[in-house]
Each structure stands twice: as structure tokens, then as C-alpha cells.
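For the sequence shown, the positions run 29 to 244 when our numbering is used. Just so it is clear, CB atoms sit at the ideal spot from N, CA and C, and this is done for glycine as well.
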Amino acid sequence: MKLNDLKLLIEEGEGFELEFKRKVSTPIKVAKTLMSFANTKGGIVLFGVDDDRSIVGVNSEKEEMEMIQTAASFYCDPPLDPIIDTVPYKGRDVVVVTVEESDQKPHYLNVDDEEKNGGTRVYIRVNDKTVEASKEVVHILQAENPNAPPLRIVIGDSERRLFDYLDAHERITVKQFSTMLNISNRRASRSLIQLVRAGVLRIHTHEKEDFYTRAF
Numbered sequence: 029m030k031l032n033d034l035k036l037l038i039e040e041g042e043g044f045e046l047e048f049k050r051k052v053s054t055p056i057k058v059a060k061t062l063m064s065f066a067n068t069k070g071g072i073v074l075f076g077v078d079d080d081r082s083i084v085g086v087n088s089e090k091e092e093m094e095m096i097q098t099a100a101s102f103y104c105d106p107p108l109d110p111i112i113d114t115v116p117y118k119g120r121d122v123v124v125v126t127v128e129e130s131d132q133k134p135h136y137l138n139v140d141d142e143e144k145n146g147g148t149r150v151y152i153r154v155n156d157k158t159v160e161a162s163k164e165v166v167h168i169l170q171a172e173n174p175n176a177p178p179l180r181i182v183i184g185d186s187e188r189r190l191f192d193y194l195d196a197h198e199r200i201t202v203k204q205f206s207t208m209l210n211i212s213n214r215r216a217s218r219s220l221i222q223l224v225r226a227g228v229l230r231i232h233t234h235e236k237e238d239f240y241t242r243a244f
């Protein structure tokens, strides 16, 4: 990438497929960002660019690239193989990391049991943020894998009640669906996931709680 191309990219600002980082903080934090792009639609991370879009460069190109490689190969499971490039700027370098959308979703954060904190360890991109995926999103990502079993779905009374609810309220959560049908959260979650996989519903990831809407 040339400097002019880098400046044009920075002018776009952070978003769904672009993240700025002043420096490499820790391999774990970098891994979360890299896998969020791989688990979603791919993207680019610029190390050496501040949140205000100013180019500050990195202190040590070699050290930063080694930490990025560690994040991608050790802390991401399956490992990632991003394209890493550097762009010189006033005696310093901006490290450009390009992550393609993966065909091995989902990628998990490889950490010790003490560091899991009961989460899914799967990170995705939501708007301009990296967030931990819900269990439902993880199941949907698993279904995107080419080796996933074929989907079988039947539209019955429960699904028709769901559609009537969405016609009236536009959105629903797992908890609301389970309460409406008097079933477990697990069963409600499984039903909603199948409808997302079938293209009937769309899941919307939110930091507090996911919700579902009609896909069309």
C-alpha cells in the first residue's frame, strides 16, 4: 500500500471494516480485533493511527509485527493468516493488517480457562466495534461453515405465532419468545437460530441482548 492510498483509507474513518489502533497493546486484544473481522465480512486494522485519524506510526515495526503474528497464529483458533504490510511515514511506519472473511467460522479466542469468564470467546464486528458474540450468533457462524450439516425446517404453530408477534412488535428476543411459548430459553434459541439460517429471520447483535426481526 502506498502512502496516498493509506491517507485515503484513513479519511474514511473507522467503521464496520476498518479499525485504527495507535499501537499493539496485547496479543489477546489484537486477536479479538482480527477474529472479529474474520468472523464477519473481513476488514483492515491500521496500527500507528490514532482515533482522531492522525498518523503517529509505531515505535518498532519488527516488534509490532511479531505481536500481530502471535495474535493471529496462537490466540486465534483456528489460526488466522492475515496480510501484513508497512507504509513508511516521516521516519516511522504504519502497519496495515488485512483480514479476509473466513471460511472456517467461528474463530475462538485461545485463552486459559481462568480467562474465559463464561463467555463464548468468539468476537464479531458490530458497526465500528468489536464485541463478543452471543451463543446464538456462534451457532449461526458454525452453520456458515461449508462442513455444516444441511438445514431442515418445518413451519408450525409456534413459528406462525412468532410471525404474528413480529407483525405487531417488529422485534423479539430469545427470552420473549420462550415466555410467549412457555418453553425453555435453549429451545427458543434453537428455533430462532434455525429461522435465521433459513433466511426467514435476521439476528441483530447488541451489547446487552440480541434481538430478531423478519428478514424481509
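Next on the checklist: Does chain D have any CB closer than 8 Å to the CB of glycine 43?
Outcome noted: Of the chains in the structure shown, none is chain D; there is only one protein chain.
Checklist entry - If tyrosine 117 sits next to leucine 31, beta carbons under 8 Å apart, how far is it from one beta carbon to the other, in whole angstroms? => result For a cut-off of 8 Å, the C-beta gap from tyrosine 117 to leucine 31 is around 6 Å, short enough to register as a contact.
Next on the checklist: Between the alpha carbons of methionine 93 and phenylalanine 48, how many angstroms are there, rounded?
Outcome noted: When rounded, the distance between both Cα atoms is 15 Å.
Next on the checklist: How far does the alpha helix (DSSP H) with proline 55 in it extend, from its first residue to its last?
Outcome noted: Boundaries of the alpha helix (DSSP H) harbouring proline 55: 55 to 66, taken from the DSSP string.
Checklist entry - Using DSSP with H/G/I as helix, E/B as strand and the rest coil, what is leucine 108? => result Here leucine 108 sits in coil by DSSP.
Checklist entry - CB-CB under 6 Å to leucine 229, same chain, minus the five flanking residues each way: which ones, in chain order? => result Take leucine 229, set aside five residues on each side of it, and the residues of its chain with a beta-carbon closer than 6 Å to its own are Leu223, Tyr240, Ala243, in chain order.
Item to check | Helix, strand or coil at arginine 120 according to DSSP, with G and I counted as helix | outcome: Correct three-state label for arginine 120: strand.
Item to check | Test item: CB-CB of isoleucine 96 and valine 58 under 8 Å | outcome: Here isoleucine 96 is near valine 58, since their CB atoms are less than 8 Å apart.
Checklist entry - Taking just the CA atoms, how far does glutamate 89 sit from methionine 63? => result Looking at the two C-alpha atoms, the distance is approximately 22 Å.
Item to check | Coarse secondary structure for tyrosine 240, derived from DSSP in three states | outcome: Here tyrosine 240 carries a strand assignment [DSSP, helix/strand/coil].
Item to check | Residue range of the unbroken alpha helix (DSSP H) whose run includes valine 166 | outcome: Judged by DSSP secondary structure, valine 166 falls within the alpha helix (DSSP H) whose first and last residues are 163 to 172.
Next on the checklist: Given 7 Å as the limit, tell me if proline 178 has its C-beta closer than that to any heavy atom belonging to the ligand GTP.
Outcome noted: Here there are no bound small molecules, and the ligand GTP is not part of this structure.
Item to check | Selected residue, minimal CA-CA separation from isoleucine 168, among Thr158, His135, Asn210 | outcome: Ranking the options by Cα distance to isoleucine 168, first place goes to His135.
Checklist entry - Which first and last residues belong to the beta strand (DSSP E) in which arginine 153 is found? => result Start and end: 151 to 154.
Checklist entry - Looking at C-alpha atoms only, which residue of Ile38, Thr98, Gly147, Arg218 is the closest neighbour of glycine 76? => result The candidate whose alpha carbon is nearest that of glycine 76 is Ile38.
Next on the checklist: The beta strand (DSSP E) that contains valine 77, what's its start and end?
Outcome noted: Valine 77 -> no beta strand (DSSP E), and no H or E assigned at all.
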